[in-house]
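Student:
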Amino acid sequence: MGDHTVDDYDAIVVGAGFSGLYMLHRLRQLGLRCRVYEAGSGVGGAWYWNRYPGARCDSESYFYCYSFSEELLQEWTWSQRFPEQQEILRYLDHVADRFDLRPDIQLDTKVTAAIYDGGSRRWTVETSRGDRVTARYVVTAIGGLSAANVPDIPGLDDFEGRWYHTGQWPHEGVDLEGLRVGVIGTGSTGTQLIPVVAEQAGHLVVFQRTPNFSMPARNRPLDEATVAEIKATYDEIWRRAKSSPGAMPLPGPSIAFDEVDEDEARRRYEAAWENGGVLVLQQFNDLMTNPASNEFAAEFFRDKIATIVRDPETARKLMPTTYPIAAKRPVLDTNYYETFNRSNVELVDVRATPISAITPRGIRVGDAEYELDVIIFATGFDAVTGAFAAIDIRGRDGVELVDKWRDGPTAYLGLAVAGFPNLFTINGPCNPALLTNVPVSIEHDVEWISDCIAYVEAEHVEAIEPTEEAEHAWVRHVGDAVAGTLYLDADSWWMGANIEGKPRRFMLYVGGHDDFRRRCAEVAEQGYAGFAMTVPNRTA
Ligand code: N01
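In this text, residue positions in the sequence shown follow the working numbering: the first is 2, and each later residue adds one.
1) Keeping to the same chain, check which residues put their C-beta closer than 6 Å to that of phenylalanine 100; ignore five residues upstream and five downstream.
2) Consider the C-beta atom of proline 246 and the heavy atoms of the ligand N01; say whether any pair is separated by less than 7 Å.
3) Note the first and the last residue of the continuous beta strand (DSSP E) segment covering tryptophan 124.
4) CA-CA distance, glutamine 87 and arginine 52?
5) Verify the contact flag: arginine 210, CB atom, against every heavy atom of the ligand N01, threshold strictly below 7 Å.
6) So what's histidine 172 in DSSP terms, helix, strand or just coil?
7) Do you know whose CA, among Val479, Ala482, Val400 and Trp50, lies nearest glycine 144's CA?
8) If you draw a straight line from the alpha carbon of aspartate 490 to that of proline 325, how long is it in whole angstroms?
9) Just to confirm, is the Cβ distance from serine 357 to valine 366 under 8 Å?
10) So the candidates are Val511, Asp452, His95 and Asn499; which of them puts its Cα closest to the Cα of glycine 480?
11) Nearer than 7 Å: is that true of the beta carbon of asparagine 499 relative to any heavy atom of the ligand N01?
12) Buried or exposed for histidine 445, going by 16 or more other Cβ atoms inside 10 Å?
13) What are the start and end residues of the alpha helix (DSSP H) that includes alanine 525?
14) Grouping DSSP H, G and I as helix and E and B as strand, with all else coil, what is isoleucine 306?
15) Would you call the region 430 to 441 and the region 498 to 513 touching, i.e. three or more CB-CB distances under 8 Å?
16) Output needed for glutamine 286: all residues of its chain with C-beta closer than 7 Å, excluding positions within five of it in sequence on either side, in chain order.
17) In the structure shown, what three-state DSSP assignment does serine 245 receive?
18) Relative to the C-alpha of alanine 142, which candidate in Pro331, Ala136, Ile443 and Met249 has its C-alpha closest?
19) Under the DSSP definition of a beta bridge, which residues are partnered with valine 134?
20) Does the distance from the C-beta atom of glycine 363 to that of glycine 183 stay below 8 Å?
21) From proline 422 to serine 68, what does the alpha carbon distance come to, in whole angstroms?
22) In the structure shown, what three-state DSSP assignment does histidine 445 receive?
23) What whole-angstrom Cβ distance do alanine 97 and leucine 22 have, given they're in contact under 8 Å?
24) Is the number of C-beta pairs between the region 213 to 225 and the region 328 to 336 that are closer than 8 Å three or more?
25) Is it the case that the CB of glycine 381 approaches a heavy atom of the ligand N01 more closely than 7 Å?
26) CB valine 447 to CB isoleucine 427, shorter than 8 Å?
27) Tell me which residues share the same chain as aspartate 118 and place their Cβ nearer than 7 Å to its Cβ, disregarding the 5 neighbours each side in the sequence.
Shown next as structure tokens:
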């Protein structure tokens, strides 16, 4: 690795969440000198920032964790079926300590620029704290859901109350007791937040643009026997997770909707609804390809809403009718629909009449003004590309990543980008992560990237990047995989549709984690097929 000055590293990792922590661990095992820059004042990434009331994971705790260390699996005990944000953050803090990661992590530091120099074949990385360092490799571990989206609604600056975005929630918490609170947004975040805020607020107004399909989580504490069984069967759990499309160790659907009659289909949905969790929508393998299968599930959910919500007009507003179920990310909840039976909760449909302004006293919708003390934006993220766009990333010949991605993001396997040598993107665009149980996807990408870097180091390769042809072929395959599915029939953040002016293109790979894993392994086995490598005095 040669001689170093203080400011020269082998690798810079951007971000210290689930992916950055493990990336650091693996790169250190290769003997590389690394630096991790993290914008937050602590490690944890999404779980550091998203501290809003009710924040919890939609994956079950026993598989929403790392698998790489048997000791870690055995020593950590999850307390609930679906872990709360605080518990996941404690886990990631524990990981940082257990593997002694902190000495190589610089907190409170945003990476502002990463610029490649084709002469030295090194990246120069600059930060908000004035660091200017160089490195052979840059690995982005910035998360696909980290750039908060606060919609540009006129008047926000004049609002006399307080406002918050859920992804930047104050660490000291917010006392909402007895206040008039408005929540904008009813995605995964809003659905978790609203029932908890309703219990604190004097009056809660929910501003809903698109209703979501939500199913009961049926969260519960994990008893000792369950924990013991989980710990005894982890090998099998990970084997199943890694060979499943969703990166979860749960049974996938094996039959099509037409293979049973409607009574049997309803019985299956009913039983799954009673058990709760993500399996509710894992009944038939044609949910996203057969409109009849999808509509049956959607109607089942709408019936549930009608049964739970007492006021028929409120129930009607809560029923999604304009897009296929699961074409936007489905949500798990605890008492979401029940919350609309409370006398202090009001639902305002801002699809028919949009929010026109934020006034000094509240939110204006058409002729009505809702007076509020607090506005909570549960309005999501500039997903997948937003965190990249916040960094001035320039590759070979000064090409800017934002320019390359002007018509939508492209990346070979979602792991590397043509024209950007020695840059690796954990869970980048065109990757199945974010449609999957993310920690398993992260571990896969981190291990693939560290194996690739180990190969490159051993072969004395100075620069590696995907060829344009390989990248085009992968992006075409990603497009083919989603073509003809119902995923394309909704204005989701997966499509970039939640941000005005963003190119409308499905940004993730729907082919499944298992398929993706196999393809990535083949690429590696073939000596990193699809990559161009620069070796001194030789170019392969
Ligand atoms: O964001 P979203 P999120 N006026 O984009 C509405 C993950 N996550 O933070 O649908 C009015 O889904 C917007 O309306 P519409 C998970 O992957 C995971 O909830 O665009 N409304 C929508 O209702 C998830 O998918 C967990 O019409 C406006 C909402 O705001 C992802 O994060 C927990 C508006 C945004 O929903 C993002 O979820 C939480 C406007 N101007 C989140 N602008 C886990 O369990 C936006 N909206 C792991």
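Note that the Cβ used here is the ideal one computed from N, Cα and C, for glycine as well.
Tutor: Based on what the coordinates show:
1) Residue numbering aside, residue 100 sits at position 99 when the sequence shown is read from its first letter. Within the same chain, phenylalanine 100 has close Cβ partners His26.
2) As a position in the sequence shown, residue 246 is number 245, starting the count at 1. Not under cutoff, so the answer is no.
3) Mapped onto the sequence shown, residue 124 falls at position 123. Note, tryptophan 124: beta strand (DSSP E), 123 to 128.
4) Indexing the sequence shown from 1 puts residue 87 at position 86. Indexing the sequence shown from 1 puts residue 52 at position 51. Taking the straight line from one Cα to the other gives about 8 Å.
5) Here residue 210 refers to the residue found at position 209 of the sequence shown. At least one heavy atom of the ligand N01 is nearer than 7 Å to the Cβ of arginine 210, so yes.
6) Reading the sequence shown from its first residue, position 171 is the one you call residue 172. Here histidine 172 sits in coil by DSSP.
7) Taking the first residue of the sequence shown as 1, we reach residue 144 at position 143. For glycine 144, the nearest C-alpha among the options comes from Trp50.
8) Taking the sequence shown and counting its residues from 1, the one referred to as residue 490 is at position 489. Taking the sequence shown and counting its residues from 1, the one referred to as residue 325 is at position 324. Each residue's Cα considered, the two are about 7 Å apart.
9) As a position in the sequence shown, residue 357 is number 356, starting the count at 1. As a position in the sequence shown, residue 366 is number 365, starting the count at 1. In contact: serine 357 and valine 366 (Cβ atoms closer than 8 Å).
10) On the sequence shown, position 479 is the one that residue 480 refers to. Answer by Cα proximity: Val511.
11) As a first step, residue 499 must be located in the sequence shown, where it is residue number 498. Yes, since a heavy atom of the ligand N01 falls inside the 7 Å radius drawn around the Cβ of asparagine 499.
12) For this step, residue 445 is matched to residue 444 along the sequence shown. Buried, by the Cβ-count rule.
13) As a first step, residue 525 is located in the sequence shown; it is residue number 524 there, counting from the start. Taken as a continuous stretch (DSSP letters only), the alpha helix (DSSP H) holding alanine 525 covers 514 to 526.
14) Taking the first residue of the sequence shown as 1, we reach residue 306 at position 305. Residue state, collapsed to three classes: helix.
15) yes
16) Locating residue 286 in the sequence shown gives position 285, counting from the first residue. Looking at the sequence shown, residue 286 is not glutamine but asparagine. Excluding positions up to five away in sequence, the list reads Pro254, Ser255, Ile256 and Ala257.
17) The residue labelled residue 245 in the question sits at position 244 within the sequence shown. Note: serine 245 maps to coil in three-state DSSP.
18) By one-based count along the sequence shown, residue 142 stands at place 141. Alanine 142 has its Cα closest to that of Ile443, out of Pro331, Ala136, Ile443 and Met249.
19) By one-based count along the sequence shown, residue 134 stands at place 133. BP columns for valine 134 point to Val126.
20) Here residue 363 refers to the residue found at position 362 when the sequence shown is read from its first residue. Here residue 183 refers to the residue found at position 182 when the sequence shown is read from its first residue. Taking 8 Å as the Cβ cut-off, glycine 363 and glycine 183 qualify as a contacting pair.
21) Your numbering for residue 422 matches position 421 in the sequence shown. Your numbering for residue 68 matches position 67 in the sequence shown. Approximately 30 Å, taken between the alpha carbons.
22) As a position in the sequence shown, residue 445 is number 444, starting the count at 1. Residue state, collapsed to three classes: helix.
23) Position 96 of the sequence shown, counted from the first residue, corresponds to residue 97. Position 21 of the sequence shown, counted from the first residue, corresponds to residue 22. Confirmed, about 6 Å.
24) yes
25) As a first step, residue 381 must be located in the sequence shown, where it is residue number 380. Yes - the ligand N01 has a heavy atom lying nearer than 7 Å to the Cβ of glycine 381.
26) Position 446 of the sequence shown, counting from 1, holds the residue named residue 447. Position 426 of the sequence shown, counting from 1, holds the residue named residue 427. For valine 447 and isoleucine 427, yes; Cβs fall inside 8 Å.
27) The count along the sequence shown starts at 1 and reaches residue 118 at position 117. Cβ within range, chain order: Thr125.
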